[in-house]
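As you go down the protein sequences, you meet chains B and Z in turn. Every number in my numbering is 6 more than the matching position in the first sequence, counting from 1. Every number in my numbering is 359 more than the matching position in the second sequence, counting from 1. All C-beta atoms, glycine included, are put in the ideal place defined by N, C-alpha and C. Note that the structure is a prediction, hence the values are computed from the model and not measured. One structure below.
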Amino acid sequence: MRAYRASIPAGKAYLWGMRPTDLLKVLPEGLYCPSADVFIDPVRPVARALITHGHSDHARAGHGAVLATPETLAIMSVRYGANFAGSTQAVGYGESVTLGDTKFRFVPAGHVLGSAQILVEAGPLRIVVSGDYKRAADPTCAAFEVVPCDVFVTEATFGLPVFRHPPLSDEVQKLLHSLAQFPQQTHLIGAYALGKAQRLMALIRQAGYEKPIYIHGALENLTRLYQAHGIDLGEIRKISPGDGALAGEIVICPPSAIQDRWTRRFADPITAFASGWMRIRARARQRGVELPLVVSDHADWDDLCRTIQETGAHEIWVTHGAEDALVHWCHVQGLRAQPLHMVGYGDEGEAEPPLAQESGLL
Amino acid sequence: MNRFATLIDRLAYEPRRNAKLILLRDYFASTHDTERGYALAALTGSLSFKNAKPALIRTLVSARTDPVLFGLSYDFIGDLSETAALIWPAAARPHDDVPEHPSLSTVVETLATLGKAELPNRLAAWLDALDETGRWALLKLITGGLRIGVSARLAKTAIAALGPHAPDAIEDVWHGVSPPYRELFAWAEGRGPRPEHSDPAPFRPVMLAHAIEDSDFDTLDAKDFVAEWKWDGIRVQAVSAADEDGRIVTRLYSRTGDDISNAFPDLAEALAGINAAIDGELLIIRDGAVQDFNTLQKRLNRTAVTAKMVQDFPAAIRAYDLLFADGRDWREAPFGERRARLNQIVREHGSARLELSPLVPFGTWDELRAARRDPAALGADAKAIEGVMLKRADSAYLPGRPKGYWYKWKRDPFTVDAVLMYAQRGHGKRSSFYSDYTFGVWRTGPHGDELVPVGKAYFGFTDAELRQIDAFVRRNTTNRFGPVREVTHTPDEGLVFEVAFEGLSRSTRHKSGLAMRFPRIARLRWDKPPREADRIDALETLADGAAMRLAVPSETDERIIE
Numbered sequence: 007m008r009a010y011r012a013s014i015p016a017g018k019a020y021l022w023g024m025r026p027t028d029l030l031k032v033l034p035e036g037l038y039c040p041s042a043d044v045f046i047d048p049v050r051p052v053a054r055a056l057i058t059h060g061h062s063d064h065a066r067a068g069h070g071a072v073l074a075t076p077e078t079l080a081i082m083s084v085r086y087g088a089n090f091a092g093s094t095q096a097v098g099y100g101e102s103v104t105l106g107d108t109k110f111r112f113v114p115a116g117h118v119l120g121s122a123q124i125l126v127e128a129g130p131l132r133i134v135v136s137g138d139y140k141r142a143a144d145p146t147c148a149a150f151e152v153v154p155c156d157v158f159v160t161e162a163t164f165g166l167p168v169f170r171h172p173p174l175s176d177e178v179q180k181l182l183h184s185l186a187q188f189p190q191q192t193h194l195i196g197a198y199a200l201g202k203a204q205r206l207m208a209l210i211r212q213a214g215y216e217k218p219i220y221i222h223g224a225l226e227n228l229t230r231l232y233q234a235h236g237i238d239l240g241e242i243r244k245i246s247p248g249d250g251a252l253a254g255e256i257v258i259c260p261p262s263a264i265q266d267r268w269t270r271r272f273a274d275p276i277t278a279f280a281s282g283w284m285r286i287r288a289r290a291r292q293r294g295v296e297l298p299l300v301v302s303d304h305a306d307w308d309d310l311c312r313t314i315q316e317t318g319a320h321e322i323w324v325t326h327g328a329e330d331a332l333v334h335w336c337h338v339q340g341l342r343a344q345p346l347h348m349v350g351y352g353d354e355g356e357a358e359p360p361l362a363q364e365s366g367l368l
Numbered sequence: 360m361n362r363f364a365t366l367i368d369r370l371a372y373e374p375r376r377n378a379k380l381i382l383l384r385d386y387f388a389s390t391h392d393t394e395r396g397y398a399l400a401a402l403t404g405s406l407s408f409k410n411a412k413p414a415l416i417r418t419l420v421s422a423r424t425d426p427v428l429f430g431l432s433y434d435f436i437g438d439l440s441e442t443a444a445l446i447w448p449a450a451a452r453p454h455d456d457v458p459e460h461p462s463l464s465t466v467v468e469t470l471a472t473l474g475k476a477e478l479p480n481r482l483a484a485w486l487d488a489l490d491e492t493g494r495w496a497l498l499k500l501i502t503g504g505l506r507i508g509v510s511a512r513l514a515k516t517a518i519a520a521l522g523p524h525a526p527d528a529i530e531d532v533w534h535g536v537s538p539p540y541r542e543l544f545a546w547a548e549g550r551g552p553r554p555e556h557s558d559p560a561p562f563r564p565v566m567l568a569h570a571i572e573d574s575d576f577d578t579l580d581a582k583d584f585v586a587e588w589k590w591d592g593i594r595v596q597a598v599s600a601a602d603e604d605g606r607i608v609t610r611l612y613s614r615t616g617d618d619i620s621n622a623f624p625d626l627a628e629a630l631a632g633i634n635a636a637i638d639g640e641l642l643i644i645r646d647g648a649v650q651d652f653n654t655l656q657k658r659l660n661r662t663a664v665t666a667k668m669v670q671d672f673p674a675a676i677r678a679y680d681l682l683f684a685d686g687r688d689w690r691e692a693p694f695g696e697r698r699a700r701l702n703q704i705v706r707e708h709g710s711a712r713l714e715l716s717p718l719v720p721f722g723t724w725d726e727l728r729a730a731r732r733d734p735a736a737l738g739a740d741a742k743a744i745e746g747v748m749l750k751r752a753d754s755a756y757l758p759g760r761p762k763g764y765w766y767k768w769k770r771d772p773f774t775v776d777a778v779l780m781y782a783q784r785g786h787g788k789r790s791s792f793y794s795d796y797t798f799g800v801w802r803t804g805p806h807g808d809e810l811v812p813v814g815k816a817y818f819g820f821t822d823a824e825l826r827q828i829d830a831f832v833r834r835n836t837t838n839r840f841g842p843v844r845e846v847t848h849t850p851d852e853g854l855v856f857e858v859a860f861e862g863l864s865r866s867t868r869h870k871s872g873l874a875m876r877f878p879r880i881a882r883l884r885w886d887k888p889p890r891e892a893d894r895i896d897a898l899e900t901l902a903d904g905a906a907m908r909l910a911v912p913s914e915t916d917e918r919i920i921e
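Take a look at the structure:
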């Protein structure tokens, strides 16, 4: 990576025959495009930012100008208030903007509502910054599109071959089966507030469940936003003090709430958690999860590998996650690949939950 | 295999006993005969697969995966079966050539006859056909490590829930039936006759006692009861009888019905030919003196039984009761009659390995209280006594824990004042509470006094106290490690527990070098500053065999919780 970081003066002379690392550089703030003077998903406030999607580790408040899909801008506005940036510009899927000599096109990433990959084009050189993405079906957002490119910048949240997400219908059936088997218990599901929660609602509806789904107050605004974008989630009720113990009902809450004192109101709740991490038994047990639901908004190992191949990229940059395994796989395939060692991603969404470190007990 | 896999997958995460019971019952009620029979066998530990070793699994996986990726994955997960189940690559095959999932019955029946050489290919073919959960279940099953928190007793209770019989009735026939238990299910569901024992030395469900409450003494008449020492060993049932061919079969069962004869071949041999079923306590008796539980544990902890171990730790039984002899079931007879016949049998057998457990003479409850406080005064091996047992002289031997017949009156527990150091979230109903506590006592460290953890306890407190401790933990957290919180524990600030426990032994597995037996929170000492908690020296003295009490709780606030 050291060689790639060697600084080369920016300017037209390098446009043709430009190296990928001239077009995009890793700076402490995030990926930077010198020719357009813009960052992609910066983790600190910058003058100009392109945002792939609304998860808080990618979309932070306080930038000067923000360019993103209209849905992502709406999400940021719900989360941070209308004045989250100095100025904003919406770019729809398939649309391009040209900044300096560089063209940026936003393409669906299939991760959450409004999530985009950003194709960075300078002359013949094409780099796709995919942000977070998945290939599995999701009724709540536009499906991932493969964009042929020279360099593919990929996440590796689930970048180990032990992560193969199971069929979604199986996971939802597991939940509905438990509801039938334990009709006196509240089924409390931890799900990330943006994306996972709404996708889960849609999946539960697809499986034919028609009763109201109850939600924690922290999920309300984003869920309403999804509904306002025409996504049918059925009847969603925010829990109110008069609701009682909600025996036999589905309640969705943010992961941080599943073991919170807030849960004491429910009828002997069965704790479920919807996450790709639920594939690993120890992870589920650490969180006290009794009904793990393997539902992920990230590509699993097979889809990471498949996507890399389909883009036709000859060089792969891995932003965050289990970089070692994916980089190794790329090398075996004869592809150039390196981890970018980017700091600051993976704080929301399916960030790896903190390990219960050996606390030196006994 | 898929349905069995789903079942054990759910059981593995489910902390509630009742929910486990429902999961088991529903599975048994909706699964066909052979399949559910082998599932029951798997859950009760009645299956073993000799040739399937972890090394074989490793070899199979290594042949199919990139070693670097396998290594990274194994490091990440830390469990071989789980890593293998998840990383196993989908076999490339035409779409219409999907192999049939092996049923649990197929797996069990095939492995019973399959040669060792054929195992790798067969196993690989099954792994190809199963999904992740199915592969995990298969690998756990054949390597003998289900570990899903289901006891044999719970599985039998679920069988009882299929029909009109009580769990003890299932226990009663259990040792006459074998996998896949068709006749057992037929009977349990009210469709067939009661299975008859063909086993000459079956296990019979044991009778258990209730802990006596202070108020019980007001209503119980001392004259109706006899008392025995409650030995601190392993409750066993020794059975020896001849089969149809006249061959003598001798077995030792744990109180849950597990056959533990192989761990005590010396004892089984010594009991051969008693021609009876005897309820008693397995103890180490050297030169006529009963050794304490720590000594017994040294023998229990070994995997292989060596001649030296047999010689150094000679096992014997102190007999309490008689269940079967002379070709008849003695359980209906009153205790006095059973005891008289037991006495004769023990005397006639004439082996030092089988002794009658002596009765404790008493006329009033006060006399018994005195005996319990000082067994040595009556000539008993006080270190191996954990209290007295009260039995109604006219009581039959009733399986389970019937009320009003047998009481245990345990010796006062040891107690220590210790400081709460770490708290961990509980499970199930307690998942929003910090309910598992690690506590420590003072020792002299390189930088002055420091607390060293000596044990962990998660019960003994009331629901109201749990709320108070939980609130204390949340207000006084100094560090977080996943589900664990470190709690303020300085000489001046912190929470002191009075911890009750049954014994202490030296242990290299614990930081403090001590392992506590059966610790529980006896009292919250909000009044006590941590600096006044106990020191490790006192515990070490106890572990080294001094029969001293650290702090004798008064009779009134003694709380024995089970």
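Here the C-alpha atom of A55/B lies approximately 8 Å from the C-alpha atom of G70/B. In its chain, beyond the 5 residues on either side, M207, I242 and I256 have a beta carbon closer than 6 Å to the beta carbon of I219/B. Straight through space, the alpha carbons of P345/B and V134/B are spaced by roughly 15 Å. If you ignore the 5 residues before and after H534/Z, its C-beta comes within less than 6 Å of the C-beta of D558, P561 and F562, all in its own chain and listed in chain order. Along the region 91 to 115 of chain B, there is no position whose C-beta sits under 9 Å from a C-beta of chain Z.
In this structure S184/B touches L297/B by the C-beta definition: roughly 6 Å separates them, less than 8 Å.
Around the beta carbon of L718/Z, a 10 Å sphere encloses fewer than 16 other beta carbons of the protein chains shown; the residue is thus reported as exposed.
The Cβ atoms of D646/Z and V565/Z do not sit closer than 8 Å to each other.
Nearest to N621/Z by alpha-carbon distance, out of G872/Z, A663/Z, T654/Z and A636/Z, is A663/Z. The beta-carbon separation of L252/B and A273/B, rounded to 7 Å, stays under the 8 Å limit for a contact. Buried is the label assigned to Q596/Z, since at least 16 other Cβ atoms lie within 10 Å of its Cβ. Membership of F694/Z in the alpha helix (DSSP H) is indicated by the continuous run F694 to H708. By the 16-neighbour rule on beta-carbons within 10 angstroms, H806/Z is exposed.
The beta carbon of R271/B sits closer than 7 Å to the beta carbons of A251 from its chain, once the five residues preceding and following it are set aside; these are given in chain order. Taking C-beta atoms as the reference points, L79/B and A96/B count as a pair closer than 8 Å. Sorting T821/Z, D438/Z and T442/Z by C-alpha distance to the C-alpha of T424/Z places T442/Z at the top. Rounded to the nearest angstrom, the Cβ distance from A162/B to L332/B is 4 Å, consistent with a contact under 8 Å.
For N653/Z, DSSP assigns no beta-bridge partner whatsoever. In this structure, D527/Z keeps its C-beta atom at 8 Å or more from the C-beta atom of G763/Z.
Remark: C-beta atoms of L883/Z and F856/Z approach each other more closely than 8 Å. Three or more beta-carbon pairs separated by less than 8 Å are not found between the region 430 to 447 of chain Z and the region 374 to 388 of chain Z, which leaves the two stretches without contact.
Taking a Cβ-Cβ threshold of 8 Å, the residues of chain B close to G437/Z are A288, in chain order. In summary, the residues of the region 142 to 175 of chain B whose CB is separated from some CB of chain Z by less than 8 Å are L166, P167, V168, F169, R170 and P172, in the order they occur in the chain. Relative to G504/Z, the option among R362/Z, I643/Z, V669/Z and S407/Z whose CA is nearest is S407/Z.
Cβ atoms of L231/B and V84/B come within 8 Å of each other, at about 5 Å. Excluding its 5 nearest sequence neighbours in each direction, D651/Z has C-beta neighbours in its own chain below 7 Å: D591, K742 and A743, listed in chain order.
Residue environment analysis places F544/Z among the buried positions, since at least 16 neighbouring C-beta atoms fall within 10 angstroms of its C-beta. The alpha carbon of S432/Z has as its nearest neighbour, out of L341/B, T27/B and W307/B, the alpha carbon of W307/B. Contact annotation for A378/Z against chain B: F188 [CB-CB distance below 7 Å, chain order].
In this structure, A892/Z sits near A777/Z, with a CB-CB distance shorter than 8 Å. Within the region 516 to 601 of chain Z, the complete alpha helix (DSSP H) segments at least 4 residues long are 526 to 533, 541 to 547 and 575 to 578, listed from N- to C-terminus. For I518/Z, the CB contacts under 6 Å within the same chain, skipping 5 residues up- and downstream, are I529 and A547 in chain order. Of all residues in the region 334 to 347 of chain B, only H334, W335 and V338 place a beta-carbon less than 9 Å from a beta-carbon of chain Z. In terms of beta-carbon proximity, G294/B lines the interface with chain Z, with at least one pair separated by less than 8 Å. Closest option to R267/B, judged by alpha-carbon separation, among T516/Z, E394/Z, Y793/Z and A411/Z: Y793/Z. Minimum Cα-Cα distance from P461/Z among the listed residues A496/Z, I507/Z, D733/Z and D438/Z corresponds to A496/Z.
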